[in-house]
Every structure is written in structure tokens, then in C-alpha cells.
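A.B. asks: Structure in C-alpha cells, see below.
In the numbering used here, the protein residues as written are 129 to 216.
In C-alpha cells, the structure reads:
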């Protein structure tokens, strides 16, 4: 199945891309997607060490409310990664 992955803000600069189409087996979960994208996994851990969480949305819904890393993915889903942001 194909999943569209989007990254926003500073992640685009750090990763060098803003959108990818990723092929996953049926019944894949969010953690399986992250295993295929180690650069995003590194960024998540980089923020976590500093005490921040990256926001992960699946089809516009927060992944935390869909099962976290065990959230099921389906054909055509869109997964978006938003790094923590600060304003002033």
C-alpha cells in the first residue's frame, strides 16, 4: 500500500524534502513507517531528548489518539510530521 508522508517547517530544511510516497505492506503501523524513514525517527528522538514532542498527524488526526506508534495505516493515508515550534 502507498502512504503519503509530509514534513513541515524546519523538518523540510533538515531532511531536504517535503513530501514522499512510501510503499508499505498491508496492515502496517506507524512504527513500521518510521522504520523505513530513519531520518525522521532520528529527528523525533532529537526533540524528545530536549523535552519536546513532534506532532504526528494521520489524515488530519493526532496519531496519539489513533494508537500512537501502533496506529494502523491504510492505503492512501497521509502522515504529516510537525516539529515543535516556538513563537514570540
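Beta carbons are placed, not taken as given, at the ideal position from N, Cα and C, and that holds for glycine.
1. Leaving out five residues before and five after residue 210 in sequence, what residues of the same chain have Cβ atoms less than 6 angstroms from its Cβ?
2. Using 10 angstroms around the beta-carbon of residue 207, count the other beta-carbons present and answer buried if the total reaches 16, otherwise exposed.
3. Using C-beta distances below 7 angstroms, list every residue in its chain close to residue 176, excluding the 5 sequence neighbours before and after it, in chain order.
4. Are the CB atoms of residue 201 and residue 158 nearer to each other than 8 angstroms?
5. Thinking residue 149 and residue 161 are a contact (beta carbons under 8 angstroms), I'd like their distance in whole angstroms, please.
6. Go through its chain and collect everything with a Cβ distance to residue 195's Cβ below 8 angstroms, but skip five positions before and after it.
7. Near residue 220, what residues of its chain come up, given a Cβ to Cβ distance below 7 angstroms and the 5 sequence neighbours on each side ignored?
8. According to DSSP, is residue 216 part of a helix, a strand, or is it coil?
C.D. replies: Walking through what the data contain:
1. Same-chain partners within the cutoff: 136, 183.
2. Looking at its Cβ environment, which holds 16 or more other Cβ atoms inside 10 Å, residue 207 is buried.
3. No residues qualify anywhere along the chain.
4. With respect to residue 158, residue 201 sits close: the two C-beta atoms are nearer than 8 angstroms.
5. With a Cβ gap of about 12 angstroms, residue 149 and residue 161 do not count as contacting.
6. Short of 8 angstroms from the beta carbon of residue 195, and not among the five residues preceding or following it, lie these beta carbons of its own chain, in chain order: 157, 158.
7. Here the chain comprises residues numbered 129 to 216, so residue 220 is not present and cannot be evaluated.
8. Residue confidence for residue 216 is low, a pLDDT of 48 falling below 50, so the modelled location carries little weight and cannot support an answer.
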